[in-house]
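Let me begin by presenting the structure, written as structure tokens, before commenting on it.
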Amino acid sequence: MAGQFAIVTGASTGIGFELARICAREGFDLLIAADEPEIHDAAQKLRDEKGGGAIEALHVDLATMEGVDQLYDAAKSRLVDVLMANAGRGLGHAFLDQDWPRAREVIDTNVMGTTYLIHKVGRDMRRADQGRILITGSIAGFTPGSFQAVYNATKSYLNSFSFALREELRETKISVTCLMPGATETEFFARADMLDTKVGSEAKDDAAMVARAGFDAMMKGEGDVVSGLKNKIQSAVANVTPAERLAKQHRKMAEPGTAKS
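The numbers in the numbering used here rise by one with no breaks, and the one at position 166 of the sequence shown is 166.
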């Protein structure tokens with residue numbers, strides 16, 4: 001992929017970093033972004049590893065339109081061959097117990113920032129009639145997320161948005177792929193205040209494995225990929241289970257105090 005240009009958001013740690021690592025190893029020029037200064041450390045790690053492309057990092061708040069504009073401008077009008085819209089936030093605890101600014105930040109990052117970035121970059125791709133978009137959704141989007149109500153709702157939005165956009169672009173040379181991971185070994189659960197929950201304390205999928213599944217599906221032009229057999233089964237069951245029952249089941253995983261002893 002030498003000479004091609006990729007943007008990866010949420011690339012300081014976890015799935016985003018692993019997606020960026022794959023791109024670097026494939027020879028992409030990279031612009032990586034995150035809302036924390038550690039994005040610069042991530043960029044240096046990628047430069048230190050084998051790879052042929054240039055790597056630029058941007059510390060920017062992707063929950064704001066201004067931050068998205070800053071990221072878009074940093075591309076310096078270069079056509080984006082691959083956009084990996086991975087930036088996201090989570091938040092545990094009961095909705096009415098959450099601080100509103102933190103809940104809004106989940107919505108603004110996962111929904112508004114992601115959608116706005118795809119709108120800007122996607123228009124450029126449409127004019128050129130080429131490009132690939134990978135959106136990090138989640139199997140959480142299939143389930144009413146008791147004690148993760150806002151987060152799961154945003155992932156439901158992203159899952160739906162991805163399929164709709166893919167259909168709208170069906171007659172173009174632009175592909176849209178939705179990566180739907182399950183619980184993954186990242187900083188997510190610590191940042192979401194969920195380490196005292198069952199889902200936060202149990203074994204999780206490897207971020208590198210999840211990223212590889214998403215990258216490969218994107219390069220094949222597939223519409224979606226659920227990483228891992230357990231997650232495939234869980235998502236299939238969710239599609240035929242009443243929402244009220246799913247919400248009750250999710251409570252057993254995400255309610256504070258349910259962590260494995």
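Cβ atoms here follow ideal geometry from the backbone N, Cα and C, with glycine treated the same way.
Range of the contiguous alpha helix (DSSP H) that encloses residue i
i, result
"Gly200", "Lys198 to Ser201"
"Ala121", "The amino acid at residue 121 is misidentified as Ala; the sequence shows Val. Residues Thr114 to Ala128."
"Leu246", "Ala243 to Ala254"
DSSP beta-bridge partners of residue i
i, result
"His59", "Ala34"
"Phe5", "Asp29"
"Leu179", "Thr136 and Val225"
Start and end residues, beta strand (DSSP E) containing residue i
i, result
"Arg132", "Gly131 to Thr136"
Local Cβ density within 10 Å of residue i, reported as buried at 16 or more and exposed below that
i, result
"Thr114", "buried"
"Pro101", "exposed"
"Ile139", "buried"
"Glu18", "buried"
"Gly131", "buried"
"Val199", "buried"
"Thr177", "buried"
"Gly221", "exposed"
"Asp129", "exposed"
"Val8", "buried"
Simplified DSSP assignment, three categories, for residue i
i, result
"Asp206", "coil"
"Thr172", "coil"
"Thr184", "strand"
"Glu66", "helix"
"Glu167", "helix"
"Asp193", "coil"
"Glu49", "coil"
"Thr109", "helix"
"Lys232", "helix"
"Ala259", "coil"
"Thr13", "coil"
"Ser146", "coil"
"Ala54", "coil"
"Asn152", "helix"
Which ranges would you report for the beta strand (DSSP E) in the region 76-104 if only whole runs of at least 3 residues count?
82-85
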